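One gets UniProt numbering by counting positions in the sequence shown from 1 and adding 56 to each.
C-beta: ideal position from N, C-alpha, C; glycine also.
Fair warning: this is a prediction, and the values are worked out from it, not measured in the lab.
Note sheet for the following structure.
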Amino acid sequence: VGGVPQNVTISQLAAHNKRNDAWLAIRGKVYNVTKYMDFHPGGDDELMRGVGKDATELFNQVHAWVNYESLLHKCYVGRLVYSDSNSG
Ligand code: HEM
57 VGGVPQNVTI SQLAAHNKRN DAWLAIRGKV YNVTKYMDFH PGGDDELMRG
107 VGKDATELFN QVHAWVNYES LLHKCYVGRL VYSDSNSG
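As structure tokens, this is what we get:
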């Protein structure tokens, strides 16, 4: 992964659900948080709760004010798309 931003489907997102291969989506943007895992102030177990899925609601419940776009800009993968026919 890396380089050109891609469209990411729900099922592609769901495939990256491990501590050493961890993607999550917030507000329509998909991030690879594998490298952020060790730096998350809430710990890796907490961050893992959102991995492999659309973590928007969870993120908003815990700390909607956190500037994830700035913190994760190097981890950006692409847009979350809701149709599996568009695997970009
Ligand atoms: C803090 C959970 C995602 C950045 C925390 C804390 C929890 C938590 C419980 C509080 C830790 C404490 O005060 O002891 C989660 C969960 C996530 C998630 C369940 C799943 C979606 C993220 C993401 C980012 C992030 C994606 C940004 C890249 C932070 C920051 C803090 C924090 C900066 C410190 C906030 C502060 O002290 O004001 N998180 N987090 N978290 N998290 Fe997350």
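Could you tell me if residue i is buried or exposed, where buried requires 16 or more neighbouring beta carbons within 10 angstroms of its beta carbon?
i	result
residue 138	exposed
residue 126	exposed
residue 67	exposed
residue 147	Nothing about residue 147 can be read from this structure; the chain reaches only from 57 to 144.
Which residues in the same chain have their Cβ closer than 7 Å to the Cβ of residue i, if we skip the five residues on either side of it in sequence?
i	result
residue 146	Nothing about residue 146 can be reported from this structure: the residues present for the chain run from 57 to 144 only.
If you drop the 5 nearest sequence neighbours on each side, which residues of the same chain put their C-beta closer than 6 Å to that of residue i?
i	result
residue 136	64, 81, 84, 86
Within this structure, are the beta carbons of residue i and residue j separated by less than 8 Å?
i	j	result
residue 60	residue 89	no
residue 94	residue 101	no
Leaving aside the five residues before and after residue i along the sequence, list all residues of the same chain whose C-beta is less than 8 Å from its C-beta, in chain order.
i	result
residue 124	82, 87, 115
Could one say the Cβ of residue i lies closer than 8 Å to chain D's Cβ atoms, at least one of them?
i	result
residue 107	The question asks about chain D, but that chain is absent: this structure has only one protein chain.
Quiz item: Between the stretch 62 to 81 and the stretch 118 to 126, do three or more beta carbon pairs fall short of 8 Å?
Solution: no
Quiz item: Which ranges does the alpha helix (DSSP H) cover as unbroken runs of at least 4 residues, wholly within the UniProt domain "Cytochrome b5 heme-binding" (61 to 137), from first to last along the chain?
Solution: Residue ranges of uninterrupted alpha helix (DSSP H) with 4 or more members, entirely inside the UniProt domain "Cytochrome b5 heme-binding" (61 to 137) and ordered along the chain, are 66 to 71, 100 to 104, 112 to 119, 124 to 127.
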